[in-house]
Amino acid sequence: MTEAGHHPEVERAGLVANERVAEGVGLAVFDAPRTASAIRPGQFVHLRIAEGAEFILRRPFSVYRAPAGRLEILYQVVGRGTRALAQATPGAVMDLIGPLGHGWLVPEGTAHALVVAGGLGAAPMGMLVEELARRGVATTLAQGAPSEGRLLARELFEATCRRTEVATDDGSAGLCGFVTELTDGLIAADRPDIVYVCGPEPMQRIVAAQAAAAGVPCQVSLERLMACGVGACLSCVVSTVSGRKRACVDGPVFDAAEVVWDPCEDPEAGA
Amino acid sequence: MSAAVDMRVRIGALELRNPVMTASGTFGSGREYADFIDLSRLGAVVTKGVSLEPWAGNDSPRIAETPSGMLNSIGLQNPGAEAFCAGDLAWLATQDVPVIVNLVGHSVEEYRSVAERLDTEPDIAAFELNISCPNVDAGGMAFGTSCPAAAEVVRAVRAATSKTLIVKLSPNVTDIAEIARAVEAEGADAVSLINTLLGMVIDTRTFKPALARGVGGLSGPAVRPVAVRMVWQVAHAVGVPVIGMGGVMCTNDAAEFMLAGATGVAVGTANFVDPAATVSIADGLERFCVDRGLGSVGDLVGAAWPERSA
Ligand SMILES: Cc1cc2nc3c(=O)[nH]c(=O)nc-3n(C[C@H](O)[C@H](O)[C@H](O)COP(=O)(O)OP(=O)(O)OC[C@H]3O[C@@H](n4cnc5c(N)ncnc54)[C@H](O)[C@@H]3O)c2cc1C
Ligand SMILES: Cc1cc2nc3c(=O)[nH]c(=O)nc-3n(C[C@H](O)[C@H](O)[C@H](O)COP(=O)(O)O)c2cc1C
Ligand code: FES
Chain A
175 MTEAGHHPEV
185 ERAGLVANER
195 VAEGVGLAVF
205 DAPRTASAIR
215 PGQFVHLRIA
225 EGAEFILRRP
235 FSVYRAPAGR
245 LEILYQVVGR
255 GTRALAQATP
265 GAVMDLIGPL
275 GHGWLVPEGT
285 AHALVVAGGL
295 GAAPMGMLVE
305 ELARRGVATT
315 LAQGAPSEGR
325 LLARELFEAT
335 CRRTEVATDD
345 GSAGLCGFVT
355 ELTDGLIAAD
365 RPDIVYVCGP
375 EPMQRIVAAQ
385 AAAAGVPCQV
395 SLERLMACGV
405 GACLSCVVST
415 VSGRKRACVD
425 GPVFDAAEVV
435 WDPCEDPEAG
445 A
Chain B
3 MSAAVDMRVR
13 IGALELRNPV
23 MTASGTFGSG
33 REYADFIDLS
43 RLGAVVTKGV
53 SLEPWAGNDS
63 PRIAETPSGM
73 LNSIGLQNPG
83 AEAFCAGDLA
93 WLATQDVPVI
103 VNLVGHSVEE
113 YRSVAERLDT
123 EPDIAAFELN
133 ISCPNVDAGG
143 MAFGTSCPAA
153 AEVVRAVRAA
163 TSKTLIVKLS
173 PNVTDIAEIA
183 RAVEAEGADA
193 VSLINTLLGM
203 VIDTRTFKPA
213 LARGVGGLSG
223 PAVRPVAVRM
233 VWQVAHAVGV
243 PVIGMGGVMC
253 TNDAAEFMLA
263 GATGVAVGTA
273 NFVDPAATVS
283 IADGLERFCV
293 DRGLGSVGDL
303 VGAAWPERSA
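Residue numbers (the working numbering), protein chains in the order written: chain A, 175 to 445; chain B, 3 to 312.
So this is what it looks like as structure tokens:
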């Protein structure tokens, strides 16, 4: 069960649009009214992209937005599943399990939030920035990508956040460098009530350390390989200070202070 | 549905309402799937492996997708017998379904003590002794790959429990029938097979094995022909019931195992694809029998054997 109390179900989802939004990145829009009305920011769906010998497992995807009975998924083409998704055309039907996982929590009284998105880490931030805007939370966004053309979800972020800062590896937009060079200053200067992070794990770890040093609570969304997606198989464990937890049901969003980032520091490693 | 088919099957002292159960480690405690299916429609729920003390399992990554299958190296992560009883078992006891607990240990003594500890739990219908996990260094598969070792651990556990004892066999052996005979001789009430086949995937981008542990167990449709062959051989070799598994994805696959000689079937990897796979297969088997005019699902057991069609 999710924090919102909705049980996951299998839903047949019809693809209504599927467009390339950046190099190697697509936006798939599914008609999935049940999941769309139940899903909360930071939760995910387990999508059966195709059948056959090459596709034994489903693929987990965050939900970027869920307007009007539809689910929007922002995906990067990295392998055979996402390649098949990129080739799917409107009218295709895929089944998905959702809503799954434990999403972003917005504590009562949050006035100012810092949202940090690296690359595809923008995907689970769509519903979050909408929720923060709805609640009147002043949100600063720090976003990183290889180049300007790979900065995702710009329009939504510009429309919902009070302030946006970007960093690109090649300097084609904003700071030339890593997003972590922005976040250090933003956390120190703005003293947000909370920091939300998604992106490559090394980046999440650095931002989590910056937030911890400043005494600011921080939530991270972690990716693990997943078989069942519902908590049954223990494929997806994350090392935490209170033992190994399942990213699919206890996460994917975790309190950064709970995460044991370094495998060498996991008391249970190599057991 | 027309004329009722008798779907009951007997495994040791247990009568199951149908032959379909869950494969250990793929179904959690069942609670995780209760959102998708009515557990009371299953023959039995087989839990993940339970050890006396908590086990942390292996490091990540723990899975890799392979052609028509997957590798796993979970390593029997579990919270230990006490936490299992207070949590998963207490919940399962509220469900109308027989509970079969998969037992694991690093040594004969650990297997014996976990059986002894759980023997007093009235909500456990049977044990499945896992002497075939390829994902732990000590114990596990080591006990399932030699006749004397298999016999020794079954003897110790048999002495510790009067519950129905199923012994789960490893396919990573030269002659699985001889192991099956050895455990039957020590008092196993049934055998289940197959556990996963030892395998490996290497990532050609990183030049490293895909799994943190290096090796893992292969499951899914890729292993089905091997599993069907082994069920056929074992069912010919022993007198006790055989529970068949390995790549059962649909009704026909389940029927195939029964035709090879299995009395029950377990569904594992298929749950990840379709969380309702078990119930669909149970319903499908009933229809399969109706369509063929069979009065009892038991009529399928070993029906492919040449000596039966004479
Ligand atoms: C909770 C969660 C949310 C995610 N949200 C998004 C999202 O919004 N957008 C997006 O583009 N990607 C997202 N991912 C990653 C996405 O699941 C993988 O990129 C995708 O599964 C790759 O599939 P493939 O067949 O193209 O790749 P392949 O490498 O061919 O896949 C082989 C196997 O590895 C698994 N796999 C490979 N990479 C990953 C990965 N990074 N994480 C998890 N499993 C992986 C696949 O599911 C499959 O089982 C998310 C992952 C998780 C765990
Ligand atoms: C993720 C995973 C975890 C498993 N854990 C266990 C376990 O704890 N004990 C056990 O006896 N078998 C375990 N198995 C093996 C299965 O019960 C089953 O024997 C095997 O997967 C073949 O069936 P399948 O192809 O239907 O999955 C596990 C399999 C998988 C895929
Ligand atoms: S993916 Fe199976 S427990 Fe998380």
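Glycine residues also receive a C-beta, built at the ideal position from the N, C-alpha and C atoms.
Note that the structure is predicted; figures quoted are calculated from it, not measured.
- Task: Examine ligand 1 and report whether any of its heavy atoms sits within less than 7 Å of the Cβ of A:V252.
- Result: Within the first sequence, residue 252 of chain A is the residue found at index 78, counting from 1. Flag set: Cβ of A:V252 near ligand 1.
- Message: Using C-beta distances below 7 Å, list every residue in its chain close to A:E305, excluding the 5 sequence neighbours before and after it, in chain order.
- Response: Within the first sequence, residue 305 of chain A is the residue found at index 131, counting from 1. Once the five neighbours on either side are set aside, the close Cβ partners of A:E305 are P215, V280.
- Check the Cβ of B:N273 against every Cβ in chain A and list those closer than 8 Å, keeping chain order. Counting from one through the second sequence, the residue named residue 273 of chain B turns up at place 271. Under the 8 Å cutoff, chain A gives C402, A406.
- Query: What is the residue span of the beta strand (DSSP E) that A:Q250 lies within?
  - Reply: What you label residue 250 of chain A is simply residue 76 of the first sequence in a count that begins at 1. Segment 244 to 250, the beta strand (DSSP E) holding A:Q250.
- Quick one: grab the DSSP three-state call for B:E125. On the second sequence, position 123 is the one that residue 125 of chain B refers to. The question names Glu, but residue 125 of chain B in the sequence shown is Asp. In this structure, B:D125 counts as coil in the three-state DSSP scheme.
- Item | Environment of B:I204 [buried if 16+ CB atoms lie within 10 Å] | The residue labelled residue 204 of chain B in the question sits at position 202 within the second sequence. The residue in question, B:I204, is exposed, as its Cβ has fewer than 16 Cβ neighbours within 10 Å.
- CA-to-CA distance, A:C402 to B:A229, given in whole angstroms: Walking along the second sequence from the start, residue 229 of chain B turns up at place 227. Walking along the first sequence from the start, residue 402 of chain A turns up at place 228. Rounded to the nearest angstrom, the two C-alpha atoms are 22 Å apart.
- Query: So, helix, strand or coil for B:R119, using DSSP?
  - Reply: In the second sequence, counting from the first residue as 1, residue 119 of chain B sits at position 117. DSSP places B:R119 in helix when its eight states are reduced to three.
- Item | Neighbour flag for A:H276 against chain B, beta carbons, 8 Å | By one-based count along the first sequence, residue 276 of chain A stands at place 102. No, its Cβ sits nowhere closer than 8 Å to a Cβ of chain B.
- Task: Starting from A:A446, follow the alpha helix (DSSP H) in both directions and report where the run begins and ends.
- Result: Here chain A comprises residues numbered 175 to 445, so residue 446 of chain A is not present and cannot be evaluated.
- Message: So if I threshold CB-CB distances at 7 Å, which residues from the region 375 to 402 of chain A count as touching chain B?
- Response: R398, L399, A401, C402
- CB contact check: B:D205 to chain A, cutoff 8 Å: As a position in the second sequence, residue 205 of chain B is number 203, starting the count at 1. Not one chain A Cβ lies under 8 Å of B:D205.
- Task: Assign A:H180 to one of three DSSP states: helix, strand, or coil.
- Result: In the first sequence, counting from the first residue as 1, residue 180 of chain A sits at position 6. A:H180 falls in the coil class under three-state DSSP.
- Task: Can you say whether A:A206 is buried or exposed, counting buried as having 16 or more other CB atoms within 10 angstroms of its CB?
- Result: Along the first sequence, read from residue 1 onward, the residue named residue 206 of chain A stands at position 32. With 16 or more other Cβ atoms within 10 Å, it is buried.
- Closer than 8 Å, CB to CB, is B:I102 near chain A or not? Along the second sequence, read from residue 1 onward, the residue named residue 102 of chain B stands at position 100. Answer no: the Cβ-Cβ gap between B:I102 and chain A never drops below 8 Å.
- Which residues does DSSP pair with A:E477 in a beta bridge? Lying outside 175 to 445, the shown extent of chain A, residue 477 of chain A is not represented and no answer is given.
- Task: Measuring alpha carbon to alpha carbon, tell me which of A:L302, A:G292, A:R244 ends up nearest A:G272.
- Result: Here residue 272 of chain A is taken as the residue at index 98 of the first sequence, counted from 1. Considering only alpha carbons, the answer is A:R244.
- Please report the Cβ distance between B:V52 and B:L18, rounded to the nearest whole angstrom; I am assuming they are in contact, meaning their Cβ atoms lie under 8 Å. Taking the second sequence and counting its residues from 1, one reaches residue 52 of chain B at position 50. Taking the second sequence and counting its residues from 1, one reaches residue 18 of chain B at position 16. B:V52 to B:L18, Cβ: 21 Å. No contact.
- Task: On a CA-only basis, which of B:G14, B:L41, B:D61, B:G71 is nearest A:L408? Give me that one, please.
- Result: As a working note, residue 408 of chain A is residue 234 in the first sequence. That would be B:D61, whose Cα lies nearest to the Cα of A:L408.
- Task: For B:N254, count neighbouring Cβ atoms within 10 angstroms of its own Cβ and tell me buried if that reaches 16, exposed if not.
- Result: Position 252 of the second sequence holds residue 254 of chain B. Under this definition B:N254 is an exposed residue.
- Local conformation of A:I380 per DSSP, three classes: In the first sequence, residue 380 of chain A corresponds to position 206, counting from 1. In the structure shown, A:I380 sits in a helix (DSSP, three-state: H, G or I).
- Item | Any C-beta of chain B under 8 Å from that of A:A445 | Residue 445 of chain A sits at position 271 when you count from the first residue of the first sequence. Here A:A445 scores only 46 on pLDDT, less than 50, and its place in the model should not be relied on; the value that follows carries that caveat. Closer than 8 Å to some Cβ of chain B, the Cβ of A:A445 qualifies, so yes.
- Measuring CB to CB, does B:V303 end up less than 8 Å from B:T265? Position 301 of the second sequence holds residue 303 of chain B. Position 263 of the second sequence holds residue 265 of chain B. It is a contact, given that the beta carbons lie within the stated cut-off.
- Query: Between which two residues does the alpha helix (DSSP H) harbouring A:F229 extend?
  - Reply: As a working note, residue 229 of chain A is residue 55 in the first sequence. No alpha helix (DSSP H) contains A:F229, which DSSP labels as neither H nor E.
- Taking only runs of the beta strand (DSSP E) that begin and end inside the region 315 to 397 of chain A, which ones reach a length of at least 3 residues, in chain order? 337 to 342, 368 to 372, 392 to 395
- Which full runs of the alpha helix (DSSP H) of 4+ residues lie inside the region 124 to 195 of chain B, going along the chain? 149 to 162, 178 to 187
- Message: Under 7 Å: does the beta carbon of B:S282 sit that close to some heavy atom of ligand 2?
- Response: Within the second sequence, numbered from 1, the residue matching residue 282 of chain B stands at position 280. No, the Cβ of B:S282 stays beyond 7 Å of every heavy atom of ligand 2.
- Item | Per-residue burial, B:D98 [other beta carbons within 10 Å of its own, 16 or more giving buried] | Working through the second sequence from its first residue, we reach residue 98 of chain B at position 96. Counting Cβ neighbours within 10 Å, B:D98 comes out exposed, since fewer than 16 surround it.
- Message: Let me confirm a value: B:W93 is counted as buried when at least 16 other C-beta atoms fall within 10 Å, else exposed. Which label applies?
- Response: By one-based count along the second sequence, residue 93 of chain B stands at place 91. Exposed is the call here.
- Leaving aside the five residues before and after A:A421 along the sequence, list all residues of the same chain whose C-beta is less than 6 Å from its C-beta, in chain order. Reading the first sequence from its first residue, position 247 is the one you call residue 421 of chain A. Hits under 6 Å: L396, R398, C410, V412.
- Query: I think B:V193 touches B:I39, with their Cβ atoms under 8 Å apart; what is that distance to the nearest whole Å?
  - Reply: Residue numbering aside, residue 193 of chain B sits at position 191 when the second sequence is read from its first letter. Residue numbering aside, residue 39 of chain B sits at position 37 when the second sequence is read from its first letter. Going by Cβ atoms, the distance from B:V193 to B:I39 rounds to 27 Å, so no, they are not a contact pair.
- Task: Taking all protein chains shown into account, decide if B:F86 is buried (16 or more other Cβ within 10 angstroms of its Cβ) or exposed.
- Result: Position 84 of the second sequence, counting from 1, holds the residue named residue 86 of chain B. Buried, since its Cβ has 16 or more Cβ neighbours within 10 Å.
- Message: Taking the straight line between their C-alpha atoms, what separation do you get for A:L270 and A:A363?
- Response: For this step, residue 270 of chain A is matched to residue 96 along the first sequence. For this step, residue 363 of chain A is matched to residue 189 along the first sequence. So the two alpha carbons sit approximately 42 Å from each other.
- Item | Distance cut-off 7 Å: A:T256 Cβ against heavy atoms of ligand 1 | Here residue 256 of chain A corresponds to residue number 82 of the first sequence, with the count starting at 1. Because some heavy atom of ligand 1 lies under 7 Å away, the Cβ of A:T256 counts as near it: yes.
- Could you name the residues that DSSP lists as bridge partners for B:R215? Walking along the second sequence from the start, residue 215 of chain B turns up at place 213. Answer is none; B:R215 lacks a bridge partner.
- Does the separation of the CB atoms of A:F331 and A:L315 fall below 8 Å? In the first sequence, residue 331 of chain A corresponds to position 157, counting from 1. In the first sequence, residue 315 of chain A corresponds to position 141, counting from 1. Contact: yes.
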